[in-house]
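All remarks here apply to the structure that follows.
2 protein chains.
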Amino acid sequence: MHKNEGMISPLEKKRLSYVPQIPPLLKNIGSLSLEEVSRAKAPVAELKSLFPRIFSAPSYRVGKGKGKAARAQKVGVLFSGGPAAGGHNVLAGLFDALKELNSRSQLIGFLNGAAGVLESHSKELSAKMIDGVRNLGGFDLIGSGRTKIETAEQLAAAAETVRKYSLDALVIIGGDDSNTNAAVLAEYFLQHNVSTRVIGVPKTIDGDLRSQEIELSFGFDSACKTYAELIGNIARDAKSSRKYYHFIKLMGRSASHITLECALATHPNLALVGEERKTLAEIVRQIADLVRKRKQAGKEYGVILVPEGLIEFMPEVKQLISELNKILAEGKPPAAVESLLADAQRQTFRLLPEKIQQQLLFDRDPHGNVQVSQIATEELLIELVKRELKDLKWSAQPHFFGYEGRCCLPSNFDANYGYALGRLAALAIKEEVTGVICAIQFLAKSPEKWALRLVSIIQLMCLEMRKGKQKPVIQKALVDIKGKVFAQYQKVRSTDELEDRYRYPGPIQFFDPDVSDSVPLTLER
Amino acid sequence: MHKNEGMISPLEKKRLSYVPQIPPLLKNIGSLSLEEVSRAKAPVAELKSLFPRIFSAPSYRVGKGKGKAARAQKVGVLFSGGPAAGGHNVLAGLFDALKELNSRSQLIGFLNGAAGVLESHSKELSAKMIDGVRNLGGFDLIGSGRTKIETAEQLAAAAETVRKYSLDALVIIGGDDSNTNAAVLAEYFLQHNVSTRVIGVPKTIDGDLRSQEIELSFGFDSACKTYAELIGNIARDAKSSRKYYHFIKLMGRSASHITLECALATHPNLALVGEERKTLAEIVRQIADLVRKRKQAGKEYGVILVPEGLIEFMPEVKQLISELNKILAEGKPPAAVESLLADAQRQTFRLLPEKIQQQLLFDRDPHGNVQVSQIATEELLIELVKRELKDLKWSAQPHFFGYEGRCCLPSNFDANYGYALGRLAALAIKEEVTGVICAIQFLAKSPEKWALRLVSIIQLMCLEMRKGKQKPVIQKALVDIKGKVFAQYQKVRSTDELEDRYRYPGPIQFFDPDVSDSVPLTLER
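Chains as they are written, first to last, in the numbering used here: chain A, 2 to 526; chain B, 2 to 526.
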């Protein structure tokens, strides 16, 4: 019996027995094999010197065939970064498939992320443990963490751990950085004669781990559906109470995918999209115009979505921040900073409310940089629009949704997707490949039609300047403002400004296929 | 077709056809009659002079019988105050029953609350309109507002409107103040030979409109379930990410019912309950101890629930605020206030972070009073606990949930309850009673077992000093810290502090009776 059985909620108890829908092929991993596929594009040539061993590694499609023998495998697994719904199902899918292939296989969970590898902190996952988290939210069975395995010492420590445990494979469930890390480890292990293979699984609620090969990471759907539920409720409140503008900031540090998905789901009066790269002044004017126009139409309420990463896209704010970082790095006292700024940047600085100015000058990260993510963009916008509209009566309420959606119960989509990814990882392990990420395609279709791939991670990578050094990275996928999905939003945007065409999706449902099996709206069809 | 049909979400579309479960008696209002019941208690004698006409009005139980003839009635209805899930179903129940009784009856919705009555701003509700909002959230079909009908001019204007419309009855759907208002109007209409009767319906998500007769208002269940969903998600995140204390403030200006309900549903590490009347210093120490103890147990995360009204229960803060109000009313400049405070109050004032001090001195309501509700209690507590634990590494995240739960889709409980209340109001209209509030009892049981009452509002009322005057009010019901429900929480409280017994209720479900038909946990059985 699960330790907290008495405490488990009735809905969770029900969800434990949900049987994820998966592609028919994945039902019998033992009868599958891999087939090399031609690459979508050649890897970036400069990566060859950093990744000599995996640089030319192929990607695979999955098909019926004999494949390798299903010998007993000892597999490590870890979560990296923020939680995402469906994570426990990756563990369940991996566990089930490993045991089906060979009952002597073992699955070792490293605790609290990569730190568990460095510190040899782990627990072997049992059927009882897995059965206690099927289709449930969170990463709490083994925890997660943000430690990276990057330095020479860390790489050596990781190699020591996987050798000590005699791991055949290590599965890393994480975002862009963690999958980059998976490639680095795969290469390092090959170079150092460590026989452990490394498999990546794409996770992030932000939805910015996307490419031609990877349509979406798991967790995005459930998080967006939870935010959309709340946005819908708030929009209905705005329309019922008729007295507030709700400024709703949504997680997504880099890209605006979450905001775009929620905008399509709920039809707010305005959804800002960072990737449009408007200036702060333009955005303030845009919102002020909206409030004015709605006032003329007798509407003193509204709903505005603000992506968390918005401020970093604003050209003049970006310049200001880089200038500030430079000046502060020279050890200049914060009080002197304003006078040292170039005219254009000083103007931007002066536009900001005092509280934000103070934050920029005094709240710095360990590297001395301005902590852009700490800036309450939703409050900044309210303050500046209030200044712009000082003669107009209107009221605003700020909100920020993030933690609410990372550990929700996975939607059927994420429960299916996570479980399928776990089983696909087991196939990668049976077939003894390394440096690949599990990729499932045609996600907008029903699971029977999903296509299975193991994509060479190197294919997703490029080089980027970080802290003055060329570093191999998987670039975060931004919202393509020339793409089909954004065009879909553009089509309704101006109508939604004035007319209240709010859509109220309601809470995630699990028990009626008409409403429980929907897929993300931003998945390209 | 509903105007926004194209925009309606799939779940809403499904919900439109949900058939609320109601007590069998309510299925045929035409065959019902009323029977006087002896009062639970005598009305407060001092009310007699204010309410000579309705002072001795009886309460009723509903039973089978002939009752009055079902003549055509013209009925007005309005929402008052913040929205609550189930409100549209009150309209639907009222509409359906009125039309069943006599197809020539009319239902007029006054727009945006009592202001609609004062301004004769209304629309007649049609079957099409009602069919477009069945089982949906919000009050947006007719809107709501906070205008009260209190002054002699307002009372006269209301009388003029109901006469002009030839209303047989006016149904007021609202909280304690609005139902007080209903009694005032009922009395006024009787005294001024206006034939319109007034019926109250108990609404408020806060759950503080409770008495021996009224077990609960509609909207509480859905709001609490929405908050509990989010609290559960955040608790799971805390346990997965292991790095934050989440301070979650929950709506409920006066009483802590919402917090208590959510605490029973989710088992946070601590739920503060205003009614315990602890001092600010005690609460800060309590939280600091909790953080310290959990740190010793290797846990650097946690979940703490904070009722919105907490600060007004703290004895020393209450004193400080009343002192501040006095000094500020004398026109003393804010800068001089600190020196004018008595020693004990000055000490309390100095304990507060500067931001809160400034709020107390400068943010005043139109009457010059300190705006206690504007104080971000969750941030205040974080700041003070940080001060107390300055040598300890810990991080906190504030949250505030309120608007998220007022306009959600009604749970099956609130959909049933709201619809039943609407039908019961129609019976009150058929039977031509006035000054009564609709009351349904045994709500913890299934709808077949609910008991139906029409309670004379005067019985719920008492006199209270407000702004130096004796005013008739329905007292807000606070959490009874000597009662059974609080004892139930006390039983788990200390264990929940250290052990993580978080319970994750998940989103409201509608399609599986095992999980969709639950009732509030704080309903006494």
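Ideal Cβ positions, reconstructed from N, Cα and C, are used throughout, including at glycine.
Bridge partner(s) assigned by DSSP for residue i
i	result
His-400 of chain A	A:Ile-249
Pro-84 of chain A	Answer by DSSP bridge pairing: none, since Pro-84 of chain A is not bridged.
Leu-107 of chain A	Checking the displayed sequence, the identity of residue 107 of chain A turns out to be Gln instead of Leu. Beta-bridge pairing links Gln-107 of chain A to A:Lys-75.
Ala-239 of chain B	Partner(s): none; Ala-239 of chain B has no beta bridge.
Ile-438 of chain A	A:Gly-201 and A:Val-456
Pro-308 of chain B	B:Leu-251
Lys-470 of chain A	A:Arg-467
Tyr-420 of chain B	In DSSP, Tyr-420 of chain B forms no bridge with anything.
Gly-303 of chain A	A:Tyr-246
Gly-1 of chain B	Nothing in the structure corresponds to residue 1 of chain B, since chain B is present only between 2 and 526.
Phe-219 of chain A	A:Lys-204
Ala-224 of chain A	Beta-bridge pairing links Ala-224 of chain A to no other residue.
Arg-365 of chain B	B:Val-371
Ile-357 of chain B	DSSP, once it has assigned bridges, lists no residue as partnering Ile-357 of chain B.
Nonlocal neighbours in the same chain, by C-beta distance under 7 Å from residue i, ignoring five residues either side
i	result
Gln-360 of chain B	Gln-375 and Ile-376
Lys-477 of chain A	Asp-177, Asp-209, Ser-255 and Ala-256
Pro-411 of chain A	Ala-86, Gly-87, Asn-90, Asn-136, Gly-138, Ser-223 and Gly-419
Val-480 of chain B	Ala-256, Ser-257, His-258, Leu-261, Val-274, Glu-276 and Phe-487
His-3 of chain A	Note that His-3 of chain A scores 39 on pLDDT, short of 50, meaning its location in the model is unreliable and no value can be drawn from it.
Gln-598 of chain B	Chain B is shown from 2 up to 526; residue 598 of chain B falls before or after that span and cannot be answered.
Ala-298 of chain B	Leu-499
Tyr-245 of chain B	Ala-239, Tyr-302, Ser-396, Ala-397 and Gln-398
Leu-112 of chain A	His-122, Ser-123, Lys-124, Ile-143 and Gly-144
Residue i CB to nearest heavy atom of the ligand FMN below 7 Å
i	result
Asp-209 of chain B	In the structure on display, the ligand FMN does not appear, and there are no ligands present to speak of.
Outcome for residue i when other beta-carbon atoms lying within 10 angstroms are tallied against a minimum of 16
i	result
Gln-510 of chain A	buried
Lys-240 of chain B	buried
Pro-203 of chain B	buried
Arg-526 of chain B	exposed
Val-20 of chain B	exposed
Lys-226 of chain B	buried
Asn-194 of chain B	exposed
Asp-497 of chain B	buried
Ser-50 of chain A	exposed
Arg-467 of chain B	exposed
His-268 of chain B	buried
Asp-169 of chain B	buried
Gly-403 of chain B	buried
Leu-393 of chain B	exposed
Expected contact under 8 Å - CB spacing of residue i and residue j to nearest Å
i	j	result
His-247 of chain A	Val-304 of chain A	5 Å
Val-292 of chain B	Val-185 of chain B	With 8 Å as the limit, Val-292 of chain B and Val-185 of chain B do not qualify as a contact, their Cβ atoms being about 49 Å apart.
Glu-313 of chain A	Met-252 of chain A	In fact, because the Cβ distance is near 14 Å, the residues do not count as touching under 8 Å.
Leu-35 of chain A	Lys-65 of chain A	Not really, about 11 Å apart at Cβ, beyond 8 Å.
Leu-126 of chain A	Leu-108 of chain A	5 Å
Leu-48 of chain A	Met-462 of chain A	6 Å
Val-474 of chain A	Thr-181 of chain A	6 Å
Neighbourhood of residue i by C-beta distance below 8 Å, restricted to the same chain and skipping five residues each side
i	result
Ser-167 of chain B	Lys-75
Gln-372 of chain B	Gln-360, Asp-364, Arg-365 and Asp-366
Arg-105 of chain B	Ala-73
Leu-119 of chain A	Thr-148, Ile-150, Gln-155, Ala-158, Ala-159 and Thr-162
Thr-349 of chain B	Leu-281, Glu-317, Val-318, Gln-320 and Leu-321
Nonlocal neighbours in the same chain, by C-beta distance under 6 Å from residue i, ignoring five residues either side
i	result
Gln-471 of chain B	Leu-464
Ala-187 of chain B	Ile-55, Val-199, Thr-435 and Gly-436
Val-172 of chain B	Val-78, Ile-200 and Ala-426
Pro-508 of chain A	Glu-230
Leu-17 of chain A	Arg-135
Leu-422 of chain B	Val-91, Val-202 and Cys-439
> Taking the runs of the beta strand (DSSP E) that are 3 residues or longer, which of them lie wholly in the region 101-189 of chain B?
Replying inline: 107-111, 123-125 and 170-175
> Whole beta strand (DSSP E) runs in the region 256-344 of chain B with 3 or more residues, listed along the chain?
Replying inline: 303-308
>> Could you tell me which whole alpha helix (DSSP H) segments of length 4 or greater appear in the region 9-34 of chain A?
In response: 11-17
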